[in-house]
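Following: one structure in C-alpha cells, then a few remarks.
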Amino acid sequence: MRLALAYLILLMLAGCGAHDPVGPVRFANSPPVWKVNDRIDTAKAPKAIPFLRGFYHFTSFYLRATRGLWLERDRRAVGTNSFDEVPDSTWFTNRIGVREVKPEEILRGPGSKEAPDKHLPWTIQSAKEGGTAIGFVVTDARGVKFVLKFDQKHAPEIETGANIVGQRLLWAIGYNVPEDHVVYFTRQDLRLAKDAYIKLDGDKKPIDAAYVDKQLAKVSVGADGRIRGNASVFIAGKPLGGAPRLGVRRDDPNDTIPHQLRRDQRGQASLFAWLSHTDIKEDNTFDAFQKDPRDPDVEYVVHYLIDFGNAFGTQSKVRHRHYPDYQYEVDLKEWGKSIVSLGLQRQPWEGRVDPELPGIGLYSAEMFDPGTWKANTFAQLPLLYADRIDQFWGAKLAMRFSRVQIEAAVEAARYTNARSKKYLVDTIVARQRIVGAYWFARTNPIDEVRFDGGQLCFVDLALRHQLVTTQTTFAVQSFDRQGRSLEARKGVAAAANGNTCVTPTWAAGGARYTIVNVESSRGMPGTLIHLALDPATQQPRVIGIYRQ
Amino acid sequence: MRVVGRGLLFIPRLPLELVFQPVRGVFYVQDRYNAAGVVAAWFTTEDKRIAIFPTALVETGFGLNVGVRASFKNMLGAGERLNLRAGFGGRFRTIAEAKLTLGEKEKTPVSVGVLGRLEARDQDRFFGYGNGDTVDAPGMLIDPTTDATAVDTRYSVKTSRIVPFVRARLPGNVALLASAAITRDRTDNNVNANQLQIDEVYDISRLPGFGKRDALYAELEASWDTRRPANRFDGQGMRGAGHLVSVFGGRYEGLADNTINFYRGGFDLQQFVALTQGPRALEFRVFAEAVTGPRDEIPFLELPRLGGQRLLRGYNIDRFRDKVAAVGQVGYLFSLSRYVAMTIFADVGRVYADVDALTWRDQRVGFGTALEIYSSTGMVARAEIAGSADGSVFAYLSLDPVFDTRARTDRR
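Those protein sequence lines, which keep their order, are chains A and B.
First residue of the first sequence: 0, per numbering that gives the first Met the number 0; consecutive thereafter.
First residue of the second sequence: 0, per numbering that gives the first Met the number 0; consecutive thereafter.
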C-alpha cells in the first residue's frame, strides 16, 4: 500500500511544473525572421520512405495508447518567428495576406504550364501506381508528364472539382502543391505508348487499348462523350515519399524541426476543417529532392501537400462515408458511447443535409463545429497535437480570403452547374467565418501589431471580420524584463473595425525591454507584446509576440 | 521528475508494448514485403485461374481441422468454376467436396451447378424429440418418439451427397431455386468414448432412420428479396430496409431399402424497418418448417431443427427437433460506422409434434448481442454472445455470412 502511494505521489510530482504570470519567453532585440534557409545543398539525396499503409495506421493506435505513459507534455509549436508567424521555407511560403494574391492568380494556380488539354493528343505511359483511384501516367503533345485521374461514374465532377478547389486555396495560403488542372478530352485523344505498362506486385506488365477502355468504362463520361479528368503535373525532382509525421528525416540536414512541432503542419488543422479535407495521411504529403531553380548545382528537399480530391465532403458521395468531419473511421470513443447507449446516442454526424447538387459532396456549414472536427483518422499526428494557438494561426490565414478569391478557386474547378458553384462558394465562405469565429474566441485575436506614431497599434481580427459585434475593451498593462509591473491595468476601447492603439509605459534602462500584456474584455488569455528600442535608430519597435 | 515518472510508468507500459510491438511487426512485414501476396503467389497460377491452398481452422469445442482447397476458374472458357475441398479433423472427421458452377459469380439470370460431397462428422448432437428440458441421463433407455426427455448425447454420421441445382433470377428481386439431393447417410455411435453416446440414453432401435439410409430429396424455393442497407452510408450487407418472402416445398423419396416418402414445406419472412435517418433498424423474422408423414417413420436427420446460430439462437445446435419448427425473431441493429454494427436480438420458438399441436405455450426464448464487421461488399465476420431463458450461454465467431444462401438440399 505504502509502495503504491509513493508511486502515485511520484507520478503526480512528475506532472507538476511552475507557472510564471508574464511567461519565461524573452526575445532578442532584432527584427523577425521572415525566411529561413533550409535550402542548403544536400550532397546526397535522402532515402525515399515507402508509405506502409497498415503499419502506419496501426502505429497510430499504438502511439495514442502509449503516449500518456511517456508523460509527454503538450508542447507549443516551433518553426515560428518572433511574431508567432511562419517564415518562408521549403515547407511554406507566405502568400495571401502578405502579398497581393490576385483572383486571376488563384484561377491559374501554381506552375507556369498551360492545362494539358490544350496540348492533345496524349500518350499513356503507364497505369497509375498507388491509391485506389483509376488513373494513368500520361504525356501531352509537349512532352509534359502528368498523372491523370477521374471522377467515378456515379459521382461526376466531385473528386476532380474538390481537388482543384482545395489545391488552389492551399497554394494561396502558402503550401507547396502540384500543378493541377481540370481537363476534358475524348477517348480519341489518347494514344498508348509502345511500352505502356501496369505495375502489379512489383512486376511490369504491358497494357493495351482494351485495358484502357475497360478502365475508362468505370469513370464518369459527359453526355457529349467528353471525359473529365484531373491532370496533376509531375513534381520535379526525385520523389522521396511522404513527410514523416513524427521527427525529422535524419538524412536531410535541412530538416531540423520535428514535424509534429512545426506550426505550418499543426496549423493545417483549422484549415483542413474549413475545407473538410479529411483524407489526411503521410501518403498525401510528398517530399521531392529538387534542384534549386536559380542554381542547379544546389539540391535540397521540398515538401508538398498532394491529393485533395477527398475534400469538401467528397467521400460521402464517392465512398459513401458519412462520418468524415465528425468521427474517425475507427473511433473507439464514439463507438463506446453508442454501445453503452444501445445505439440511442445520437451520432455526431446525424442530421447532415446533402445539398444534392451536381459535383458537390456532403459539404455544408450546418452543424460544422471546428472544435470537434475530425479527419478520417487521427493518424496525422501534427494535426492531432495542434493546440488553439496553431488553430488560430490557420484560422487567421483562412480569414484572409475574400469572396472573390474563393470564387476564383471554385471557378478553376470548371464545374458545369452554376448552382453548384454558388453553393460551394457560399459554403466555403460560411465555414470560413465559423472557423474564424471559433478560434478567434479562444485565442486573443489581435494581429498586425506595430508602432504608429509612438503608439502601439493592433487590430482585433474578430471585430475586423465582424465575427463579433460586442463592444470590446482591452486591458493593457506593462511589465519590465523581469516581469515587474510598471503600471496599473488600463482600459482601452477598440474601434468598431478592430483597430486599437495604446501608449505603452516603457521600462527603464538599456534597450528599455518592455512586455505589454493585452487582454480582451471578451475573456481570453492575454497576448504578451515584447517591445524594445531599435539600437540603431532608438525608435520603438515590436520584437516579439507571445500568445497565451 | 518527468524522467522518474517515465521510469515508473514502464510497468504499465510493458504489457502494452508486448501486445502492440509484435502486431506492428506483422503489419510492417506485410506492408513492406507484401508477405500475404508473396505467400498467395506460391499457391496460385499467374493468371489466378488455378489456386490451391492449404487450410487450417480451429473451432472452439471441435478442435483443429486441416485440409486443402483448390479452385479452377474458366478452364473451359465457359465461365465455369470448379471448387475442390478436403479436410480432416475438428467438426468433420473428414470432408471432401467438389462443386462445379456455371454463371453463379457472373450474376447471370440463370446459374447451374452440381455439388458432390463426402463427409464424416463424429460430434453431432442429439437431444431427442420435442420441446423437453435438458436433464441428466436417466437410468433407462428413452424412446425419443414418445418421450420428450432431452439429454445431450452425441452420434456420428457419414454422408455422401450429390446436389444438382438451378438458380433463376427474375425481375423484381424474385428468384427461384430448384435443387435435388441424392443422399446416403450412415449414422452410428460417436467415436469419442469420453462423450455420452446416443445409445447410452436413447433406444436407437426406436429412432427412425438411425443406421443406413438412402434418399432423394427435391425442392423448389421461391423468394422475393429486397433486403438492403437503409441508406447509402451503411455498408453493403448491413440490412436495414426491405424484406424477404421465401417459401419452399420439397418431396422426400426413400431409395433402396428406405421406403419412407414425405413432403417438406415452410416459409421465411423477414422485414427490416429503418427507425431513423441514422443507423438504426428493426428486424422482424418469422420462420416455420414442417414435414408430413408419420412421426415415428421420418428419419430423425430430416426433422426440422432449432438451435445454433441461425434459428432459436441461445440454444445448442440441433437442440430441438420435431415435425414442425417455428421461430419468431426480433432484432435491433445500430451501426457504429460504415463497417461495424451491433445487433441485439431475441428469438422465440419451439418445435411441435404436428401442426395440430401448435400452441403459444412453453415457448423457448433466446437472446443476445452481436458485433458485425462489414467490408465494402458484405459481412465478413460476426462475433455473437447468445443466451437463453434456460440458462445456456454461447459465444460464436463466424467468418461466413449469417444468412445462409446455400440450397436447403446442400445444408446438413
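C-beta atoms are modelled at their ideal positions from N, C-alpha and C, and glycine is treated no differently.
{"Query": "Can you list, in chain order, the residues of its chain whose CB lies under 8 Å from that of GLY134/A, leaving out five sequence neighbours each side?", "Result": "ALA126, LYS127, VAL146, LEU147, LYS148 and PHE149"}
{"Query": "Can you confirm whether PHE311/A, when its beta carbon is compared against all beta carbons of chain B, has any partner nearer than 7 Å?", "Result": "no"}
{"Query": "Taking only beta-carbon atoms, is TYR61/A less than 7 Å away from chain B?", "Result": "yes"}
{"Query": "Using beta carbons (cut-off 7 Å, strictly below), is TYR32/B in contact with chain A?", "Result": "no"}
{"Query": "In chain B, which residues lie with their C-beta within 9 Å of the C-beta of ILE39/A?", "Result": "Within chain B, no residue comes near ILE39/A; the closest Cβ sits about 31 Å away, beyond 9 Å."}
{"Query": "Do GLU96/B and ARG84/B count as a contact pair if the criterion is CB distance below 7 Å?", "Result": "yes"}
{"Query": "Do PRO155/A and SER219/A come within 7 Å of each other at the CB atom, strictly closer than that value?", "Result": "yes"}
{"Query": "Between the alpha carbons of PRO11/B and ASP233/B, how many angstroms are there, rounded?", "Result": "38 Å"}
{"Query": "Tell me which residues share the same chain as ARG263/B and place their Cβ nearer than 6 Å to its Cβ, disregarding the 5 neighbours each side in the sequence.", "Result": "GLY249 and VAL290"}
{"Query": "What residue does the beta strand (DSSP E) around GLN124/A start on, and which one ends it?", "Result": "121-126"}
{"Query": "What's the call for LEU382/A, buried or exposed, on a 16-neighbour Cβ count within 10 Å?", "Result": "buried"}
{"Query": "Using a Cβ cut-off of 7 Å (strictly closer), state whether ARG5/B contacts chain A.", "Result": "yes"}
{"Query": "Do you know offhand how far ALA217/B's Cα is from ALA179/B's?", "Result": "4 Å"}
{"Query": "Taking only beta-carbon positions, decide if TYR373/B is within less than 7 Å of chain A.", "Result": "no"}
{"Query": "Return yes when the Cβ of ASN188/B is within less than 7 Å of the Cβ of ARG349/B, no when it is not.", "Result": "no"}
{"Query": "With DSSP as the reference, label PRO163/B as helix, strand or coil.", "Result": "strand"}
{"Query": "7 Å is my cut-off, CB to CB: does ASP200/A come that close to chain B?", "Result": "yes"}
{"Query": "Can you name, in chain order, every residue of its own chain whose Cβ lies under 8 Å from the Cβ of LEU281/B, other than the five neighbours on each side?", "Result": "PHE271, VAL272, LEU274, VAL329, GLY330, TYR331 and LEU332"}
{"Query": "Can you list, in chain order, the residues of the stretch 260-289 of chain B whose Cβ is nearer than 8 Å to any Cβ on chain A?", "Result": "THR275, GLN276, GLY277, PRO278 and ARG279"}
{"Query": "Could you give the distance in angstroms between the alpha-carbon of ASP46/B and the alpha-carbon of LEU199/A?", "Result": "12 Å"}
{"Query": "Note down, in chain order, each residue of its chain lying with its Cβ closer than 6 Å to the Cβ of VAL18/B, except the 5 sequence neighbours on either side.", "Result": "none"}
{"Query": "Under the three-state reduction of DSSP, which class applies to ASN516/A: helix, strand or coil?", "Result": "strand"}
{"Query": "Short check: CB of ASP123/B to CB of VAL156/B, under 7 Å?", "Result": "yes"}
{"Query": "Let me make sure I understand the geometry here. Which of ARG449/A, LEU106/A and ALA114/A has the alpha-carbon closest to that of GLN166/A?", "Result": "LEU106/A"}
{"Query": "Give the single residue among THR255/A, ARG75/A and LEU239/A whose Cα lies nearest to the Cα of ASN283/A.", "Result": "LEU239/A"}
{"Query": "Kindly list the residues whose CB is nearer than 6 Å to the CB of THR313/A, restricted to its own chain and excluding five residues on each side of it in sequence; keep chain order.", "Result": "ILE157, GLU158, ALA161 and GLY360"}
{"Query": "Residue ranges of each alpha helix (DSSP H) run of no fewer than 4 residues wholly in the stretch 231-273 of chain A, ordered along the chain?", "Result": "262-265"}
{"Query": "Going straight from the alpha carbon of GLN481/A to that of GLY543/A, what length do you get?", "Result": "16 Å"}
{"Query": "Under 7 Å, Cβ to Cβ, is there at least one residue of chain A near ARG231/B?", "Result": "yes"}
{"Query": "Given a cut-off of 7 Å on the beta-carbon distance, is the pair ALA214/B and GLY253/B in contact?", "Result": "yes"}
{"Query": "Quick one: what does DSSP say LEU370/B is sitting in, helix, strand or coil?", "Result": "strand"}
{"Query": "Whose Cβ in chain B lies nearer than 7 Å to the Cβ of LEU70/A?", "Result": "ARG1, GLY4, ARG5 and LEU8"}
{"Query": "So the alpha helix (DSSP H) GLY4/B belongs to, where does it begin and stop?", "Result": "1-7"}
{"Query": "Got a sec? Which residues, its chain only, sit under 8 Å from ARG38/A by beta carbon, not counting five neighbours each side?", "Result": "THR89, ASN253, ASP291, VAL297 and TYR299"}
{"Query": "Say yes only if the C-beta of VAL181/A is nearer than 6 Å to one or more non-hydrogen atoms of the ligand GDP, and no if none qualify.", "Result": "Absence of the ligand GDP from the depicted structure is noted, as is the absence of any ligand whatsoever, leaving it without description."}
{"Query": "If you reduce the DSSP assignment to three classes, tell me which class ILE51/B lands in.", "Result": "strand"}
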